[in-house]
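S.K.:
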Amino acid sequence: MRFRTSLSLSLLVLSLWLNGQMQRVCADEDRTGIPYSVQWEGIRNHPMEDLIRSSSRTENLRDHPPPSLPLLRKRMLDDVPRLVSILQANAYYQAEVEADLETDRAPYRVRFLINPGPRYTIGKQTVRYVGDTPPRTTWKPFLQRTDPASTKAIQTSEEWMLRFFRTHGHPYPEIKDRRFELDPGTRNMHIETVIDPGPMMTMGDLEIEGLSGVGERAILRMINWDPGDGYDERLIEEFQQDLILTGLFSRVQLTPKQKVAPNQQLDFLLSATERFHRTVRLGGNYRSDVGFGFRSSWEHRNLFGRGERLLLDFTLAEEETIASASFRQPGFQIRNQSLLLGMKIEEERPDAFTSLSFESYVGIEREYSRTRSNSLGLQYKYATVEQAGEEEIYGLISLPFLTIWDTTRDPLNPVKGHRTVAELSPYTDVLNADLNFGRIEVTGSRYISLSRWPQVILAGRASMGSLVGAETSEIPADERYYSGGGGSVRGFSYQSIGPRENGDVVGGSSLLELSLELRARLTETWGGVAFLDGGMATREESPFGNQPLQWGAGLGLRIFTGIGPLRVDLAYPLNPNENQDARLQFYISLGQSF
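Residue numbering for the sequence shown follows the working numbering, starting at 790 and increasing by one per position.
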C-alpha cells in the first residue's frame, strides 16, 4: 500500500513538472514569434476607417505574432479579399486593397494601401414579374436615388418587397433573379429584380389543437378575418400576438394546412400550449414621507373557460387600505369588445383628509388596435369624508369615458414610444341634488432612445387635470387634486402641494405636473436615473395660471430584474414653501416612475 501511494505521488509530481515545462515552452514560442507593426494608408479619417481596421485579423492579432515569416505573409494576404468584400458591401464597388510586408528592419511592418473609390448610390430600380398570377397591386421601391447601394440596403429592400406581396394576397412570393449594373459615370447602381408573386389566395378556416382548459370558442371569437378575405400576413401576426397577450398561452404557432389549395383558400392549423391560468403576486414599497406599503393580488385568466379574467387585489399602506375585485369578459358581443365589472372598498388616511368609500363599476371597453382603446362605464361611489373636523356623506354617480393611446411595449420599463391617457367624467351626487361637477384629465408621456448600449432613454411626462362645474369647497375632499410624493413631485411629502387653509392642505380644482428623466442602463442589472419633477394644485378650474410650480430633483438607482426594474430614488425639494420641510425624501418601489 505504501509503495502504491509513493508511486502515485511521484507520478503526480512528474506530471506537474512536465506541465510547467510545456507552459514555459509555449510562452517561449509566443515570445519568439515574429513581432510586427501595421500601417494603414488611404483611409485616414475615412468613414470606413474604424470598420476596416476592426475587421483586419492582421491588426487584431498583433499581440499574437505568428512563429514564421510565411505565416505572417499569409495572415496579411488573407486580409486583402476580406477588406475588399467589406468595402464593396458598403457600396464602394471600385475599392482596391494592396498589402506589402517590409522585412528590412525589425520589427517587420505590414503596410495596407487602400483606395476605397467612390461610393455608389441607388440608380434605376426595375421590377419584372413572372409566373402564372400577375399581381393586382405592384411594388413601388422605397429606396431613394441618394441612398447608398449597400448590400444591407438591397437586402432590406428585397425583404420588404416579399413582405409587401405577403400582405397583399400572395402567401408565397419568390425572387427568381437579380441583376446589378454599375454606371461609373453617374456612380449609380441600377437594379433589376425578377419576382414571382405566386398564387393569389384568401384566408380560410382555423383548426385548433393542444387545448386543455381553454374552450375553442374563446379563440374563435378572436379571429380577425373572415373566410374569403384576401391573404394578409399581418392578420396572422396580430392574431398570434393577441393570443399571447391574453396570458393564457406560453406558445402559439399558426401554420397553413396546405401550401396549394384547390379553391385558393388557405386554411390554418393553430398549435397552442397553455400556461398556468392563475397567478399570485406580492410586492412592497417604501417612501420616507408615508412609510411602508404592501400589495398582493390573485388573478385567474380563464375563470369559465373562455378567457374571462378575475383579479382580486389588496393594498395596505400607511396612507390607504384598498380591497378590490375586477372582472373582464373579452369578446363581449363583438370580437374587440370587453365587459368590465369592478368593486372597491377603500380607506384613505393622508394628512389632508380621511375617507371610507365603496365603489362599483360596470363598463364596456373597445380595442381599435393593439395601441388604442376606449371605454365607457357607469360608476357609483358611496363615501364618508372628513376634513378639518367636518364630516360629509356623498353618493356619486359618474359616467367615466377613458381613451388610451399607448405605443410602448413594457408598462414597467418603457424604452420607446408614447402613452396618452385622457378621461372625461361627469358626476352627480344623488344624496345632494345641488352637487354636479365634471372631471377632465390628460396625461401624456414620451420615451426617446438616445443610445442603444449603454441604453440611454430620455423620458418626459405631463399631466393636467381640472374639476369644473362646482366650487372647490363643494367637491368631496377625496376627489380634489393634490400633488407631491413618489408618484408626482418627488422631494415633497405625499399630497403636501395644494391650496391650504389654516396651514393644512385642503386640495384644489386643477392640477399640473411635469417630469423629466434621463435613464441609463449601464449593465444588464444596474442602471441610474437623474430626474426633475414639478407640480402644483390650485383652486382655479384651469391649472395654467400665475402660480409657480414646486420643483424637486434627485438621483435614482435601477436594479433590473426579470419582472421589472427595482426603483430606488433620492429627491430634494428645490423651492419648498414655508409649510414644507426641506429634507431628503427616499422611495423604493417596482417599475419606473412613469
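Positions of the beta carbon are idealized from the N, C-alpha and C atoms, including for glycine.
Below 7 Å between beta carbons: does that hold for Y825 and V899?
M.R.: Taking the sequence shown and counting its residues from 1, the one referred to as residue 825 is at position 36. Taking the sequence shown and counting its residues from 1, the one referred to as residue 899 is at position 110. Cβ distance < 7 Å, so Y825 and V899 count as in contact.
S.K.: Which runs of the beta strand (DSSP E) spanning at least 3 residues fall entirely within the segment 1114 to 1174, listed in chain order?
M.R.: DSSP runs (the beta strand (DSSP E)) wholly in the segment 1114 to 1174: 1126 to 1137, 1143 to 1156.
S.K.: I want to know whether the segment 1337 to 1347 touches the segment 1272 to 1286 - three or more CB-CB distances under 8 Å.
M.R.: In short, these stretches touch, since the Cβ pair count reaches three.
S.K.: Would you mind sorting Q1042 into buried or exposed? The rule is 16 or more other CB atoms within 10 Å of its CB.
M.R.: What you label residue 1042 is simply residue 253 of the sequence shown in a count that begins at 1. By the 10 Å Cβ count, Q1042 comes out exposed.
S.K.: At what residues does the alpha helix (DSSP H) containing W1194 begin and finish?
M.R.: Within the sequence shown, residue 1194 is the residue found at index 405, counting from 1. Unbroken run through W1194 is the beta strand (DSSP E), 1190 to 1195; no alpha helix (DSSP H).
S.K.: Within the continuous beta strand (DSSP E) that includes A742, where are the two ends?
M.R.: Because residue 742 is not part of the residues shown, which for the chain are 790 to 1383, the question remains open.
S.K.: Identify whether K965 lies in helix, strand or coil by the three-state DSSP scheme.
M.R.: By one-based count along the sequence shown, residue 965 stands at place 176. K965: strand per DSSP, three-state reduction.
S.K.: Tell me the residue span of the alpha helix (DSSP H) that contains Y941.
M.R.: Position 152 of the sequence shown, counting from 1, holds the residue named residue 941. Before going on, a small fix: residue 941 reads as Lys here, not Tyr. Element bounds for K941: 940 to 955.
S.K.: Distance check for H1066 and W1194, CA to CA, integer angstroms please.
M.R.: Position 405 of the sequence shown, counted from the first residue, corresponds to residue 1194. Position 277 of the sequence shown, counted from the first residue, corresponds to residue 1066. Going from the Cα of W1194 to the Cα of H1066 covers about 28 Å.
S.K.: So who's on the other strand from P1045, going by DSSP bridges?
M.R.: Taking the sequence shown and counting its residues from 1, one reaches residue 1045 at position 256. BP columns for P1045 point to F1057.
S.K.: Per DSSP, which one or two residues make a beta bridge with S1085?
M.R.: Position 296 of the sequence shown, counted from the start, is the residue given in the question as residue 1085. DSSP lists L1071, F1103 as partners of S1085.
S.K.: Specify whether the segment 1183 to 1193 and the segment 1208 to 1222 touch according to this definition: at least 3 beta carbon pairs, one from each stretch, less than 8 Å apart.
M.R.: Result yes; three or more Cβ-Cβ pairs closer than 8 Å.
S.K.: Considering only C-alpha positions, which residue in the set D839, H835, D852 is nearest to G822?
M.R.: Position 33 of the sequence shown, counted from the start, is the residue given in the question as residue 822. Among D839, H835, D852, the Cα nearest to that of G822 is on D852.
S.K.: Starting from Q1029, follow its DSSP beta bridges and name the residues at the other end.
M.R.: Here residue 1029 corresponds to residue number 240 of the sequence shown, with the count starting at 1. Answer by DSSP bridge pairing: none, since Q1029 is not bridged.
S.K.: How should L1059 be labelled, buried or exposed, when 16 other C-beta atoms within 10 angstroms of its C-beta is the threshold for buried?
M.R.: Translated into the one-based positions of the sequence shown, residue 1059 becomes position 270. That one is buried.
S.K.: When burial is assigned at 16 or more other CB atoms within 10 Å of the CB, is W1242 buried or exposed?
M.R.: In the sequence shown, counting from the first residue as 1, residue 1242 sits at position 453. Exposed.
S.K.: Let me check understanding here. Comparing Cα to Cα, which of E947, L866, L876 lies closest to F901?
M.R.: Here the question's residue 901 lines up with position 112 in the sequence shown. Per the Cα distances, L866.
S.K.: Between the alpha carbons of R864 and E848, how many angstroms are there, rounded?
M.R.: Taking the sequence shown and counting its residues from 1, the one referred to as residue 864 is at position 75. Taking the sequence shown and counting its residues from 1, the one referred to as residue 848 is at position 59. Their backbone Cα atoms lie some 10 Å apart in a straight line.
S.K.: Helix, strand or coil, according to DSSP, for T794 in the structure here?
M.R.: For this step, residue 794 is matched to residue 5 along the sequence shown. Only weak support is given to the placement of T794: the predicted model assigns it a pLDDT of 32, under 50, and the value that follows is read from those uncertain coordinates. Helix at T794.
S.K.: Less than 7 Å separating the beta-carbons of V1174 and A1112?
M.R.: On the sequence shown, position 385 is the one that residue 1174 refers to. On the sequence shown, position 323 is the one that residue 1112 refers to. Taking 7 Å as the Cβ cut-off, V1174 and A1112 do not qualify as a contacting pair.
S.K.: Let's see if you can read the secondary structure: which residues bound the alpha helix (DSSP H) around I841?
M.R.: In the sequence shown, counting from the first residue as 1, residue 841 sits at position 52. Start and end: 838 to 844.
S.K.: State the DSSP-derived secondary structure class of A884, mapped to helix, strand or coil.
M.R.: On the sequence shown, residue 884 is found 95 positions in, with the first residue counted as 1. Coil.
S.K.: Should R1090 be counted as a contact of the ligand GDP given a C-beta to heavy atom distance under 6 Å?
M.R.: Only the bare structure without any ligand can be found here, which leaves the ligand GDP out of the picture.
S.K.: Let me check understanding here. Comparing Cα to Cα, which of M950, R908, A1326, R1310 lies closest to M1253?
M.R.: Taking the first residue of the sequence shown as position 1, residue 1253 is located at position 464. Checking every option, the nearest Cα to that of M1253 belongs to A1326.
S.K.: Going by DSSP in three states, S826 sits in which element: helix, strand or coil?
M.R.: One-based indexing of the sequence shown puts residue 826 at position 37. If DSSP states are grouped into helix, strand and coil, S826 belongs with the strands.
S.K.: Beta carbon of A880, beta carbon of Y909: below 7 Å?
M.R.: Looking up residue 880 in the sequence shown gives position 91. Looking up residue 909 in the sequence shown gives position 120. Yes, these two residues count as a Cβ contact at 7 Å.
S.K.: Hey, quick one: how far does the alpha helix (DSSP H) through L1009 stretch, first residue to last?
M.R.: Residue mapping note: residue 1009 aligns to position 220 of the sequence shown, counting from 1. Run containing L1009: 1005 to 1009, per the alpha helix (DSSP H) assignment.
S.K.: If you check the beta carbons only, do S1304 and E1330 fall under 7 Å apart?
M.R.: If you number the sequence shown from 1, residue 1304 lands on position 515. If you number the sequence shown from 1, residue 1330 lands on position 541. For S1304 and E1330, no; Cβs fall outside 7 Å.
S.K.: Buried or exposed: Q933, going by 16 or more other Cβ atoms within 10 Å of its Cβ?
M.R.: Walking along the sequence shown from the start, residue 933 turns up at place 144. Label assigned to Q933: exposed.
S.K.: Going by the DSSP bridge assignment, what does G1323 pair with across the sheet?
M.R.: Locating residue 1323 in the sequence shown gives position 534, counting from the first residue. The partner list for G1323 (beta bridge, DSSP) reads L1303, W1340.
S.K.: Just how far apart, CA to CA, sit L1037 and G1292?
M.R.: Here residue 1037 refers to the residue found at position 248 when the sequence shown is read from its first residue. Here residue 1292 refers to the residue found at position 503 when the sequence shown is read from its first residue. Using only the alpha carbons, I get a separation of about 52 Å.
S.K.: Let's test the definition: count the other Cβ atoms within 10 Å of the Cβ of K1170 and tell me whether it reaches 16, buried, or not, exposed.
M.R.: As a working note, residue 1170 is residue 381 in the sequence shown. Buried, because 16 or more other Cβ atoms sit within 10 Å of the Cβ of K1170.
S.K.: Quickly, what does DSSP pair M1253 with across the bridge? List them, please.
M.R.: Within the sequence shown, numbered from 1, the residue matching residue 1253 stands at position 464. Paired residue(s): V1231, L1301.
S.K.: Opposite F1226 in the DSSP bridges: which residues?
M.R.: Sequence index remark: in the sequence shown, residue 1226 carries index 437 (1-based). F1226 pairs with Y1216.
S.K.: State buried or exposed for L1239, treating a residue as buried only when at least 16 other CB atoms are found within 10 Å of its CB.
M.R.: For the purposes of this step, residue 1239 is identified with residue 450 of the sequence shown, where counting begins at 1. Classification of L1239: exposed, given that the 10 Å Cβ count is below 16.
S.K.: For E1097, which of helix, strand or coil comes out of DSSP?
M.R.: The residue given as residue 1097 occupies position 308 in the sequence shown. Note: E1097 maps to coil in three-state DSSP.
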